[in-house]
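In structure tokens:
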């Protein structure tokens, strides 16, 4: 494996480089989007940028860089904020874990490396909500700008039917995107089972149509063998620019303001904690919040921007009355069917990497020297389907129920969102259901897997939620995490979408050729048979995939917006938000590709060159 030419610690600024200094742009947070902005804004050597990240650099962390270490950094306090939700009344009052990347690159450094664009309908719907210029064509333009696509080999095209259209993929972007370096043999079995069920191949799912079965892309540099992510792709190559300073271990707590401006709030810097002390850095032009969907509204509320009903009881002076801060929160939820499979060497899974330390060490050494072996195993198989394909009767019942609720909604803005969601739900060409194969044990429902055994897990993921949650501070202390209340399954249709996927997955595990390698179902298990029993299973054993969006939605202010189409916070002159919190309506796809596209477009907006 190639080595680094520069000591990563040499790329990070010192406190004296930041504290008390003035930069054109101060970026609060060093997450996925933040480092895209830092890279693009400092392309002009006369523009100065400071980035403040609460976590560590992690630039040489093998737990990030080497693939197939799925979930290894979850709950690790050095890499994961490890939030927890408030008790969820519609999910058995459970308190759910909520992972978010902590360190340069944010969640792009700890996620499962999926790189999928949403259906074109999803982003066109965002424009229809009152956001001109935020549509599929613009999305594709900026997504291509972010990526260097490494095309599949002819053998892969022949074997898996993946035929990407070159016009839909980038060639010169910082982020490397590729077909997984290797795939479990179980992927072929699952794909054939889907084919036998009449599910057609989608040759280029990143082109705006996700419907069908396909093998997905991953953020991987095939040359180096490393994960490609925001810190490695956007920051490291430009870290020596003299006009860019990135400080880690710096927790932004509050915005500072120009008190002489009485018409609109003018931000002139941020306060941040470093060690046991608080410091200030000044912004000559703008402050950009890029701390992620959970932390960005927290900074706004600490600064007096938000709902007076939240701020006043905490003794925080209201600077900008903006009730939608921390509202409209949406996320993707899943439950899984996990099966034990034939122990034959023919069927390779990632279970041994978790359960056999000696094997894991051997495979790590192999990967470091050759980029082959178990650590090269990617996640590939997806089926994205309309609900009608799984169960037409369920679609009829669900649309009737949602239409009745829609007609009773008193919130015009939410009514508009639901109308677009119902439009998608009724469509034969827009998927509502995501089924993902994980070649190993992945279930929140049972005790840890048994050593020496092999498993497959099939995730049924609900990606267009009708439920809406909130994220709000509960005190004036930055040490206290916000109350994260996603309102999981508040709308029962969200749960029933997962129910239909679990039922369909069970059918697939009993169909050829998949049934030929299944030994038994582990989860949910034989005790869960009826729909109501499965609903109870989902309430108790579902989880988020941590694609949280919407807490600072880009919408007209009267529709519940926090930022406008220029990403400026309403009621302020020079404060923007650039992260997934601006997404007002959730998308069908995993969110990583979308964050890169948002950030690339935001950079052009700030530069004044967006078209």
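In UniProt numbering, the protein residues as written are 1 to 611. Every residue, glycine too, gets a C-beta built ideally from N, C-alpha and C. Source: prediction; values computed, not measured.
Tell me residue i's beta-bridge partners as DSSP assigns them.
i: residue 339; result: 456 and 521
i: residue 79; result: According to DSSP, which records beta bridges pairwise, residue 79 is partnered with nothing at all.
i: residue 599; result: Note: residue 599 sits in no beta bridge, so no partner.
i: residue 576; result: 288 and 568
i: residue 380; result: DSSP, once it has assigned bridges, lists no residue as partnering residue 380.
i: residue 97; result: 84
i: residue 182; result: 377
i: residue 213; result: 201 and 383
i: residue 42; result: Paired residues: none, contrary to the question.
i: residue 329; result: 469
i: residue 227; result: 220
i: residue 32; result: Paired residue(s): none; residue 32 is not in a bridge.
i: residue 22; result: 282
i: residue 438; result: 457
My guess is that residue i and residue j are in contact by the Cβ rule of under 8 Å, so how many angstroms apart are they, rounded?
i: residue 496; j: residue 394; result: 7 Å
i: residue 578; j: residue 305; result: Contact doesn't hold; Cβ gap of about 16 Å is too wide.
i: residue 555; j: residue 129; result: 6 Å
i: residue 335; j: residue 460; result: 6 Å
i: residue 123; j: residue 139; result: 5 Å
i: residue 618; j: residue 402; result: This structure gives no information on residue 618, because the portion of the chain shown stretches from 1 to 611.
i: residue 252; j: residue 52; result: 5 Å
i: residue 45; j: residue 587; result: At roughly 36 Å, the Cβ-Cβ gap does not stay under 8 Å, so residue 45 and residue 587 are not in contact.
i: residue 351; j: residue 455; result: 6 Å
So, helix, strand or coil for residue i, using DSSP?
i: residue 605; result: helix
i: residue 564; result: coil
i: residue 433; result: strand
i: residue 64; result: helix
i: residue 134; result: coil
i: residue 324; result: coil
i: residue 369; result: helix
i: residue 72; result: coil
i: residue 363; result: helix
i: residue 202; result: coil
i: residue 450; result: coil
i: residue 2; result: With a pLDDT of 33 at residue 2, under the threshold of 50, the modelled position of that residue is not reliable, and the figure given next carries that caveat. Coil, per DSSP.
i: residue 27; result: strand
i: residue 175; result: strand
i: residue 53; result: strand
i: residue 168; result: helix
i: residue 462; result: strand
i: residue 306; result: strand
i: residue 142; result: helix
i: residue 17; result: helix
i: residue 150; result: strand
i: residue 293; result: helix
i: residue 11; result: helix
i: residue 402; result: helix
i: residue 334; result: strand
i: residue 123; result: helix
i: residue 117; result: coil
i: residue 112; result: coil
i: residue 420; result: helix
i: residue 610; result: coil
i: residue 559; result: helix
i: residue 391; result: coil
i: residue 47; result: coil
Checklist line | Stretch-stretch touch, CB-based, cutoff 8 Å, three pairs: the region 20-32 with the region 283-296 | finding: yes
Notebook entry, point to check: Would you call the region 169-184 and the region 211-224 in contact, with 3 or more CB pairs under 8 Å?
Noted result: yes
Margin query: Extract the residue ranges of the beta strand (DSSP E) inside the region 475-554, only unbroken runs of 3 or more that lie entirely within it.
Written below: 483-485 and 518-523
Notebook entry, point to check: With contact counted as at least three CB pairs below 8 Å, one residue from each stretch, are the region 526-544 and the region 361-369 in contact?
Noted result: no
Item checked: Runs of beta strand (DSSP E) lying entirely within the region 237-283, each at least 3 residues, in chain order -> 244-248, 250-257 and 267-274
Next item on the list: Examine the Cβ distances between the region 478-485 and the region 433-449 and report whether three or more of them are shorter than 8 Å.
Entry: no
Notebook entry, point to check: Pairing CB atoms from the region 198-217 with CB atoms from the region 425-432, are three or more of them under 8 Å?
Noted result: Contact holds between the region 198-217 and the region 425-432, because three or more Cβ pairs, one in each stretch, are under 8 Å apart.
Check: Taking three-plus beta-carbon pairs below 8 Å as touching, is the region 55-66 in contact with the region 101-113?
Finding: Three or more Cβ pairs closer than 8 Å define a contact, and the region 55-66 meets that threshold against the region 101-113.
Next item on the list: Would you be able to state if there are at least three C-beta pairs under 8 Å between the region 184-196 and the region 231-251?
Entry: no
Check: Any chance the region 512-524 sits against the region 340-356, with 3 or more Cβ pairs inside 8 Å?
Finding: yes
Margin query: Three Cβ pairs or more, each shorter than 8 Å: is that satisfied between the region 88-98 and the region 154-170?
Written below: no
Next item on the list: Report yes or no: do three or more beta-carbon pairs, one from the region 531-540 and one from the region 498-518, lie closer than 8 Å?
Entry: Under the 8 Å Cβ criterion, the region 531-540 counts as touching the region 498-518, having at least three qualifying pairs.
Checklist line | Inter-stretch contact (C-beta, 8 Å, three-pair minimum) for the region 262-275 and the region 556-565 | finding: no
Notebook entry, point to check: Is the region 79-89 touching the region 152-162 in the sense that three or more CB pairs, one from each, lie closer than 8 Å?
Noted result: no
Next item on the list: Evaluate the contact criterion for the region 250-264 versus the region 294-314: three or more CB pairs, one atom per stretch, below 8 Å.
Entry: yes
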